[in-house]
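Participant: What follows is a structure written as structure tokens; I'll ask about it next.
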Amino acid sequence: MMGIARLMVLGCAVLAADAAAQSAVPDAAASSDDIARKLADPGAALISVPFQYNYLGSVGPGGDFHNQQLKIQPVIPFVGENGKFILRPILPLSWNQFSEDKHGTGDLFVQGYYIPKTAAEARGTEFGFGAAALLDTASHDSLGTGKYSLGPAFILVHKTKSWTIGALANHIWSIGGDSDRDDVSSTNVQPFVTRNLPDGWSLSFTSETTYNWKAASGDAWTVPLGATVSKVLRFGRTPVSLGLGGFYNVDRPQYASRWTGRFSVTLVFPE
Numbered sequence: 710m711m712g713i714a715r716l717m718v719l720g721c722a723v724l725a726a727d728a729a730a731q732s733a734v735p736d737a738a739a740s741s742d743d744i745a746r747k748l749a750d751p752g753a754a755l756i757s758v759p760f761q762y763n764y765l766g767s768v769g770p771g772g773d774f775h776n777q778q779l780k781i782q783p784v785i786p787f788v789g790e791n792g793k794f795i796l797r798p799i800l801p802l803s804w805n806q807f808s809e810d811k812h813g814t815g816d817l818f819v820q821g822y823y824i825p826k827t828a829a830e831a832r833g834t835e836f837g838f839g840a841a842a843l844l845d846t847a848s849h850d851s852l853g854t855g856k857y858s859l860g861p862a863f864i865l866v867h868k869t870k871s872w873t874i875g876a877l878a879n880h881i882w883s884i885g886g887d888s889d890r891d892d893v894s895s896t897n898v899q900p901f902v903t904r905n906l907p908d909g910w911s912l913s914f915t916s917e918t919t920y921n922w923k924a925a926s927g928d929a930w931t932v933p934l935g936a937t938v939s940k941v942l943r944f945g946r947t948p949v950s951l952g953l954g955g956f957y958n959v960d961r962p963q964y965a966s967r968w969t970g971r972f973s974v975t976l977v978f979p980e
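In terms of the working numbering, the sequence shown opens at residue 710 and continues consecutively.
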């Protein structure tokens, strides 16, 4: 636990220093509405660092357990003349009661997409492709797969002034790791619909559907449906987005959580 605490404190200190440096430099002061629209677009060339806390309710036999997870998931864009590359690593920190009473880091998940430049990037449709990788970084067996996995990844986004609609998708297969652990073959699709509202508000409807090809038929699907409301605020010159949401699993493995409560804080570093 102390190791995780030190990691979080160090990460927050680095981000705070970076935010201070950014705020010391005058910028074009993008409006809260513009920032909210870009945050709704997973392919936007916007540096951000979301901290996403998930409370996983009613886990295990009888739904008597509750797990917690904090996902640190920076978005790092690289923009070129002919397109952009979006790097999206996700590091989960978990505090679980089930299946074992353990806490620590989970497997690091990394997605990267190349999105070719289009004539109507701000108002139009973008498609990108790349790769996804799952790295065996879990601090305990119950918090990860014990495997290194790799596969293709895709992104599709359509944008208007008021709506952002699209999906992220990937499939990964295990390519190495602990031979005593189950192989990985998993498909994940994340469709989303976001209504961009005035004054930096937005309302998103989404799912994070997963199909585990190695699981028994009754435990293969995880299908959460939910909504999140968020608001872009400013602390000095640094924009921050706060979000609150909830999800219900309409289909799930036998002992998976029935519902999820979510709170997110996203630090934004506009150019």
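By construction, the Cβ of each residue, glycine as well, lies at the ideal position given by its N, Cα and C atoms.
Because the structure is a prediction, the values reported are computed rather than measured.
Please name the residue, chosen from Asn805, Tyr822, Gln820 and Gly821, that lies closest to Thr814 on a Cα-to-Cα basis.
Facilitator: As a working mapping, residue 814 is identified with position 105 in the sequence shown. If we check each option's Cα against that of Thr814, Asn805 comes out closest.
Participant: Out of Gly885, Asp928 and Leu953, state which residue places its alpha-carbon closest to the alpha-carbon of Trp913.
Facilitator: Working through the sequence shown from its first residue, we reach residue 913 at position 204. The displayed chain sequence assigns Ser, not Trp, to residue 913. Checked all of Gly885, Asp928 and Leu953; the closest Cα to Ser913 is Leu953.
Participant: Does the distance from the CB of Val959 to the CB of Pro979 come in under 9 Å?
Facilitator: Taking the first residue of the sequence shown as position 1, residue 959 is located at position 250. Taking the first residue of the sequence shown as position 1, residue 979 is located at position 270. Against a cut-off of 9 Å, the Cβ pair of Pro979 and Val959 comes out as no contact.
Participant: On the CB-based measure, 16 or more other CB atoms within 10 Å of its CB, does Gln820 come out buried or exposed?
Facilitator: By 1-based counting over the sequence shown, the position of residue 820 is 111. The residue is buried, with at least 16 neighbouring Cβ atoms inside 10 Å.
Participant: Enumerated in chain order, which unbroken segments of the alpha helix (DSSP H) with a length of 4 residues or greater are wholly contained in the region 799-877?
Facilitator: List check, alpha helix (DSSP H) in window: nothing returned.
Participant: With 16 other CB atoms within 10 Å as the buried threshold, where does Asp750 fall?
Facilitator: Within the sequence shown, the letter at position 41 stands for residue 750. With 16 or more Cβ atoms within 10 Å of its Cβ, Asp750 is classed as buried.
Participant: First and last residue of the beta strand (DSSP E) that includes Ala745?
Facilitator: In the sequence shown, the residue the question calls residue 745 occupies position 36. Run containing Ala745: none in the beta strand (DSSP E); it sits in the alpha helix (DSSP H), Ser741 to Leu748.
Participant: With a threshold of 16 other CB atoms inside 10 Å of the CB of Asn776, please say whether the residue is buried or exposed.
Facilitator: Numbered from 1 along the sequence shown, position 67 holds the residue referred to as residue 776. Looking at its Cβ environment, which holds 16 or more other Cβ atoms inside 10 Å, Asn776 is buried.
Participant: When we look at the beta-carbon of Leu755 and count the other beta-carbons within 10 Å, is it buried (16 or more) or exposed?
Facilitator: Locating residue 755 in the sequence shown gives position 46, where the first residue counts as 1. When all chains shown are included, Leu755 counts as buried.
Participant: By Cβ distance, which residues of its chain are closer than 7 Å to Ala733, with the 5 residues on each side in sequence left out?
Facilitator: As a working note, residue 733 is residue 24 in the sequence shown. Bear in mind that the predicted position of Ala733 carries a pLDDT of just 37, short of 50, making it unreliable; the figure below should be weighed with that in mind. Cβ neighbours of Ala733 beyond the five flanking positions: none.
Participant: What is the DSSP secondary structure of Asp960, counted as helix, strand or coil?
Facilitator: Position 251 of the sequence shown, counted from the first residue, corresponds to residue 960. It is a strand residue.
Participant: Does Glu835 pass the burial test, meaning 16 or more other C-beta atoms within 10 Å, or should it be called exposed?
Facilitator: Translated into positions along the sequence shown, residue 835 becomes position 126. It counts as buried.
Participant: Quick check on DSSP: helix, strand or coil for Gly935?
Facilitator: Taking the first residue of the sequence shown as 1, we reach residue 935 at position 226. Residue state, collapsed to three classes: strand.
Participant: Any idea what DSSP makes of Cys721, helix, strand or coil?
Facilitator: Taking the sequence shown and counting its residues from 1, one reaches residue 721 at position 12. Low per-residue confidence applies at Cys721: pLDDT is 45, beneath 50, and the placement is therefore not dependable, though the value from the model is reported in the following sentence. Note: Cys721 maps to helix in three-state DSSP.
Participant: Can you give the Cα-Cα distance for Ser966 and Tyr762, rounded to whole angstroms?
Facilitator: For the purposes of this step, residue 966 is identified with residue 257 of the sequence shown, where counting begins at 1. For the purposes of this step, residue 762 is identified with residue 53 of the sequence shown, where counting begins at 1. Straight-line Cα distance between these residues: approximately 15 Å.
Participant: May I have the straight-line CA-CA distance separating Trp882 from Ala739, to the nearest angstrom?
Facilitator: The residue given as residue 882 occupies position 173 in the sequence shown. The residue given as residue 739 occupies position 30 in the sequence shown. Cα-Cα distance, rounded: 41 Å.
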